[in-house]
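Q: Residues 253 to 1172 (my numbering) are what the sequence shown spells out, left to right.
Built from N, CA and C at the ideal position, the CB exists for glycine as well.
Structure below; questions to follow.
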Amino acid sequence: MTLRFRARILEHLSHDDYRPAEVEDVARLLRVPAEEHASFHEAIDALASEGSIEIGDDDRVRLPRFGDVIEGKIKINPRGFAFVIPDTPTREGDLFIPQGHTGDAISGDRVKCRVVRRSENWGGSARRGSGVRTGARGGGGGGGGAGMRGGTRAVGHVIEVIERASRNFAGTLSRDGRQWIVQPDGRRLREPIIVRDPHAKGAKDGDKVVVEVISFPTEMRLAEGVITEVLGESGRPDVETQAVIAAFELPGAFPEQVVEEARAASRSFEKHAEGPWPDRLDLTGELCFTIDPPDARDFDDAITIRHDESRDEWTLGVHIADVSSFVPLDGALDLEARERGNSVYLPRHVIPMLPEVLSNGVCSLQEGVPRFTKSAIITLDGKGRPGHVRVADSVIRSAKRLTYLEAQALIDGRTAEAKQHARSETEPTDEVVRALRLCDRLARIIEKRRRSQGMITLALPEVELVFDDHGHVVDARPEDDAFTHRLIEMFMVEANEAVTRIFADLQVPLLRRIHPEPGFGDLEELRQFARTAGMKVPEEPSRHDLQALLEGTKERDDARAIHFAVLRTLSKATYSPAIIGHYALASDHYAHFTSPIRRYPDLTVHRALEAYLELTENGAQVPGGKRRRSLSQSLHDDPRVDDELALVSLGQQCTDTEIRAEDAERDLRNFLVLQLLKEKHLGDEFDAVVTGVLGSSGVFASLDKFLVDGVVRLEATMRGGAKRGNDGSGAAGAAGASGARAGDGAAARKGSRERWRAADARTERDDRNRKPDRWVVNERDGRLVSIRSGASIGLGDAVRVAILSIDLPSRSLELVLAEPLKPRGAGSTGGDSRDRGGDGSSAERRRRGRRGAESESDGANERSGGRSKRSDGRANRSGRGIGTGAERDPRRDLLSRDQRVEHKGHRRGFKQGRRGRRGR
């Protein structure tokens, strides 16, 4: 059996939008060449024999249903119920675990479950389901499983924990009566851990420690553990950074063998740095430059450009650090990089994938020195359409290291401003300035072409945190929105696509960056949301329809709500050899090639390209006809080109490490922001946007200024909100005056708190005589509506909130509405959609990441906590989705409304901040 067909078949059948098809139709959809149909049928027969797929009486191919016992990864909701993502894809999707039946499992554990109840009238996936899409998403864990296609139909109980996700937790040590406990950070384990010998490591009350759990909690007893490391005083930014590294089991220092191998590779290069380079295309005479953030040290991409005015033809050179020439396959350095998967960019702390002697040394395309690269030289016509592509091992010499704002100022003719943003003492020559302006022209042409193809671009705000010298967050400011971010992104996307097409044409497997199209249910939610905003979306909208929706609403007061709703519709991009394409980029073939210093998937593409270049005389002699088939076979046989089964496993691992990095980044970012809010802003008011609906009890809202999520309890608000924060200050909801605007200074905050206290006094008496309002979820559009007043609130609404309380260990923020909600219909989306001035503009990238197109899909705008591009992206918009739908939810008999709402979020998390540095 051909392993690559096995992997491709399972991947295809697991996709959310797959509808049972006959074997020949599956072959056609997978583009199986005629000469390989026999191998394909062998794969189908083998999978059917082992029970991995079923072929029904109608000759249609399906995934199997649940057996009596299944194994998979568990995701536990804070309310106690859970979902298990099966190891083996099934057409029933995930298994629902009721509260009280999760045993001693915690989120992320691999468990064995007994299926105790099945739904009747199971009809398979004869239509595109309205259930929840699969795929790894901020904390959702794991991608590539079966879609829910009609919803979870089975209920189970956990009977055994097969494998613990982790036994190590970071938390704060304290005394509780006669015993010592550690309160864990985060939300995976909420109850304290008992420690019997807290002083064995010299720990003191209030210290941040790492605990290894030796006995996990049950309903009858707390967890027990032993302290393995004392990190220091809780609350210090450096200590909290180390706590996050420990809790998420991020890699530490490189082993000495790895470092020595990196040093040896560096020394070998330095001996021949000045050439000659007979096996490389010498581009040191070309004008080449880099554009990066001001604090970047690992420069992994450089640009050259030419324009033939007479023919209106462009030649774009994208030159990427040739990391594969320094990292031998299966060596110590390679194995370490594979295990790490990617670099991690925490606030003010980087954990590199490669030792710095490489990442910041000989692999970095530094100014004025020769560097080895892999180049994609692309010819484009006057409309930005790519033509001939030459790839080659090359050597370049960067003439100028530019920053984004410096390059933008030079393009705009603001020379003095450019000097303020420069990080290199080399003066930009007239030739560099002319080249930058050519780049600006070409990037806009490419962007226009990609938009015409259906590329989706979201406009959502991004902020940059401001730190003091000790690492404390002191403020936040909007990120710059210079077009140079977009410029580099468009060029990187073109290079990624060009390289991927080479292997697609040869039918050689590659680790791709895939982004599936939205499922039917998600699009239905968007259509209903758009209707409430007075917009029409077709029943099965295309990319162009979504694009038109975004463009048509960008000047409206509720533009942010619309863009946010589209963001929720998109899935997260993942790594896989499946030929699914990249939906948001409107690309049929897409892989990551441009950041091998910080992403292992890119390094695998470089290795495959290395094999290709050896067989084509460095890309100069690409055969056709029968010789081309011979080239394809040679690449299949090359050890540097993994088969599809190996790529499925590697893709899952790289997706997991990417999510781990995003979660860690978001967790630390949230802590640092909440620490500031707790110390300086309790009781203060902020503008916010609703990011999710919490059943009938409240909503999640994200503060505009800091992009952190909190819970708004509507019952507390509408009863007057006279609940006190942990500094004694109150927060009154509808009764509160407008209050001081966030950031107006100490006097304003004092005035705000005095108004809250006055409101407390006025409303406390009324609360005793007033029955609490009731809120219900409108099944038609997923919004919460007040029974008493008719006030309404829903996803994307702009609201004014006050900070009620903050719990740092659990990263929890409680908010209260500071202004009354409008009755249904008073705002353009049914809520308070007042103009916020500038909320709809997007600063397109975070520190290391040019986000944009790929980001805006790579994780649906990869907006995730703190800094990881995009990437595409982007902090704890934790995806508590609303379960709307015109048709009855298939899970209604098994889950309460609140549980259905929460299930939307366990697989698809909102992201804030840019996630994948240059995660194009």
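Nearest by alpha-carbon distance to ARG362: which of LEU717, ARG369, ILE328 is it?
A: Locating residue 362 in the sequence shown gives position 110, counting from the first residue. ARG362 has its Cα closest to that of ILE328, out of LEU717, ARG369, ILE328.
Q: Does the beta-carbon of PRO790 have 16 or more other beta-carbons within 10 angstroms, so that it is buried, or is it exposed?
A: Here residue 790 is taken as the residue at index 538 of the sequence shown, counted from 1. By the 10 Å Cβ count, PRO790 comes out exposed.
Q: Do you know how far the Cα of GLY1048 is from the Cα of VAL1037?
A: The residue labelled residue 1037 in the question sits at position 785 within the sequence shown. The residue labelled residue 1048 in the question sits at position 796 within the sequence shown. Approximately 15 Å between the Cα atoms of the pair.
Q: I'd like the list of long-range same chain contacts for MET787, defined as Cβ closer than 8 Å, with 5 residues on each side in sequence excluded.
A: For this step, residue 787 is matched to residue 535 along the sequence shown. Only LEU801, GLY804, THR805, ILE814 meet the Cβ criterion.
Q: Please name the residue in ALA872, ARG440, VAL434, GLY773 whose C-alpha comes closest to that of PRO450.
A: Residue numbering aside, residue 450 sits at position 198 when the sequence shown is read from its first letter. When each option's Cα is compared against that of PRO450, the closest is VAL434.
Q: Just curious, the alpha helix (DSSP H) that ARG765 is in, first and last residue?
A: As a first step, residue 765 is located in the sequence shown; it is residue number 513 there, counting from the start. No alpha helix (DSSP H) holds ARG765; the beta strand (DSSP E) holding it covers 764-766.
Q: By how many angstroms is the C-alpha of THR556 removed from the C-alpha of LEU539?
A: Taking the sequence shown and counting its residues from 1, the one referred to as residue 539 is at position 287. Taking the sequence shown and counting its residues from 1, the one referred to as residue 556 is at position 304. Rounded to whole angstroms, LEU539 to THR556 spans 6 Å at the Cα level.
Q: Thinking C-beta only, is GLU471 closer than 8 Å to ILE213?
A: Not covered by the structure: residue 213. The range shown for the chain is 253 to 1172.
Q: Closest to ARG271 by CA distance: which of VAL313, THR821, ARG519, PRO607 is it?
A: Taking the first residue of the sequence shown as 1, we reach residue 271 at position 19. When each option's Cα is compared against that of ARG271, the closest is VAL313.
Q: Note down, in chain order, each residue of its chain lying with its Cβ closer than 6 Å to the Cβ of ARG753, except the 5 sequence neighbours on either side.
A: As a working mapping, residue 753 is identified with position 501 in the sequence shown. Around ARG753: HIS841.
Q: May I ask you to list the residues that DSSP assigns as paired with ILE555?
A: Position 303 of the sequence shown, counting from 1, holds the residue named residue 555. Partner(s): PHE541, VAL570.
Q: Classify VAL647: buried if its beta carbon has 16 or more other beta carbons within 10 angstroms, exposed otherwise.
A: Here residue 647 refers to the residue found at position 395 of the sequence shown. Buried, because 16 or more other Cβ atoms sit within 10 Å of the Cβ of VAL647.
Q: Is the region 732-749 touching the region 691-699 in the sense that three or more CB pairs, one from each, lie closer than 8 Å?
A: Touching, yes.
Q: When we look at the beta-carbon of GLY375 and count the other beta-carbons within 10 Å, is it buried (16 or more) or exposed?
A: Stepping through the sequence shown from its first residue, residue 375 is reached at position 123. With a pLDDT of only 38 at GLY375, under 50, the local geometry of the prediction cannot be trusted, and no value is derived from it.
Q: Please report the distance separating the alpha-carbon of GLY973 from that of GLU588.
A: Within the sequence shown, numbered from 1, the residue matching residue 973 stands at position 721. Within the sequence shown, numbered from 1, the residue matching residue 588 stands at position 336. Confidence in GLY973 is poor, its pLDDT being 42 and thus under 50, which makes the residue's placement unreliable; the coordinate value appears in the next sentence. About 53 Å.
Q: Using the three-state DSSP reduction, which class does ALA1127 fall into: helix, strand or coil?
A: Residue numbering aside, residue 1127 sits at position 875 when the sequence shown is read from its first letter. Residue placement at ALA1127 is poorly supported in this model, since its pLDDT is 32, which falls under 50; the coordinates are not used for a value here.
Q: Output the boundary residues of the alpha helix (DSSP H) element that contains GLN618.
A: For the purposes of this step, residue 618 is taken as residue 366 along the sequence shown, with counting starting at 1. GLN618 -> no alpha helix (DSSP H), and no H or E assigned at all.
Q: Looking only at its chain, what residues have a beta carbon closer than 8 Å to the beta carbon of THR667, apart from the 5 residues adjacent to it on each side?
A: For the purposes of this step, residue 667 is taken as residue 415 along the sequence shown, with counting starting at 1. So the qualifying residues of the chain are ALA661.
Q: Hey, could you find the ends of the beta strand (DSSP E) VAL511 is sitting in?
A: Working through the sequence shown from its first residue, we reach residue 511 at position 259. VAL511 -> not in any beta strand (DSSP E); alpha helix (DSSP H) instead, spanning 508-523.
Q: Taking the DSSP output, what are the residues bridged to PRO330?
A: Residue 330 sits at position 78 when you count from the first residue of the sequence shown. Answer is none; PRO330 lacks a bridge partner.
Q: What residues are listed by DSSP as bridge partners for ALA1043?
A: Here residue 1043 refers to the residue found at position 791 when the sequence shown is read from its first residue. Answer is PRO1075.
Q: Per DSSP, what kind of secondary structure is LYS700 in: helix, strand or coil?
A: The residue labelled residue 700 in the question sits at position 448 within the sequence shown. Residue state, collapsed to three classes: helix.
Q: Excluding the 5 residues flanking PRO507 on each side, which residues of the same chain have their C-beta closer than 8 Å to its C-beta?
A: By one-based count along the sequence shown, residue 507 stands at place 255. Cβ neighbours of PRO507 beyond the five flanking positions: ALA584, GLU588.
Q: Tell me HIS409's beta-bridge partners as DSSP assigns them.
A: The sequence position of residue 409 within the sequence shown is 157, counting from 1. BP columns for HIS409 point to ARG366.
Q: For ASP919 and ALA300, I'd like the C-alpha separation in whole angstroms.
A: On the sequence shown, residue 919 is found 667 positions in, with the first residue counted as 1. On the sequence shown, residue 300 is found 48 positions in, with the first residue counted as 1. If you take the alpha carbons of ASP919 and ALA300, they lie about 43 Å apart.
Q: Is it buried or exposed for ALA670, if we count other Cβ within 10 angstroms and need 16 for buried?
A: Here residue 670 is taken as the residue at index 418 of the sequence shown, counted from 1. Burial call: buried.
Q: So the alpha helix (DSSP H) THR736 belongs to, where does it begin and stop?
A: For this step, residue 736 is matched to residue 484 along the sequence shown. Taken as a continuous stretch (DSSP letters only), the alpha helix (DSSP H) holding THR736 covers 735-757.
Q: Given a threshold of 16 other Cβ atoms within 10 Å of its Cβ, counted over all protein chains shown, does GLY991 qualify as buried or as exposed?
A: If you number the sequence shown from 1, residue 991 lands on position 739. With a pLDDT of only 37 at GLY991, under the threshold of 50, the placement of this residue in the model should not be trusted; the figure read from the coordinates follows. Counting Cβ neighbours within 10 Å, GLY991 comes out buried, since at least 16 surround it.
Q: Going by DSSP, what residue range makes up the alpha helix (DSSP H) through GLU658?
A: Here residue 658 corresponds to residue number 406 of the sequence shown, with the count starting at 1. Note, GLU658: alpha helix (DSSP H), 656-663.
Q: Pick from GLY871, VAL684, ILE708, GLU896: whose alpha carbon is nearest that of HIS264?
A: Here residue 264 is taken as the residue at index 12 of the sequence shown, counted from 1. Checked all of GLY871, VAL684, ILE708, GLU896; the closest Cα to HIS264 is GLU896.
Q: Is GLU522 near the ligand FMN, with its Cβ less than 7 Å from a heavy atom?
A: As presented, the structure is devoid of all ligands, the ligand FMN included, so that no description of it is given.
Q: Exposed or buried, ASP956, counting other C-beta atoms within 10 Å across all chains shown (16 or more means buried)?
A: The residue you call residue 956 lines up with position 704 of the sequence shown. Burial call: buried.
Q: Considering only the alpha carbon of each residue, which of ARG642, PRO622, ARG623, VAL621 lies closest to THR631?
A: Within the sequence shown, residue 631 is the residue found at index 379, counting from 1. When only C-alpha atoms are compared, the closest one is ARG642.
Q: Please say whether GLY484 and LYS453 have beta carbons closer to each other than 8 Å?
A: Your numbering for residue 453 matches position 201 in the sequence shown. Your numbering for residue 484 matches position 232 in the sequence shown. Cβ atoms of LYS453 and GLY484: not closer than 8 Å.
Q: Under 8 Å between C-beta atoms, does PHE421 make it to chain B?
A: Judged by its chain identifiers, the structure shown contains no chain B, having just a single protein chain.
Q: Of all the options GLY319, LYS364, LEU315, ASP311, which has the alpha carbon lying nearest to the alpha carbon of VAL336?
A: For the purposes of this step, residue 336 is identified with residue 84 of the sequence shown, where counting begins at 1. Checking every option, the nearest Cα to that of VAL336 belongs to LYS364.
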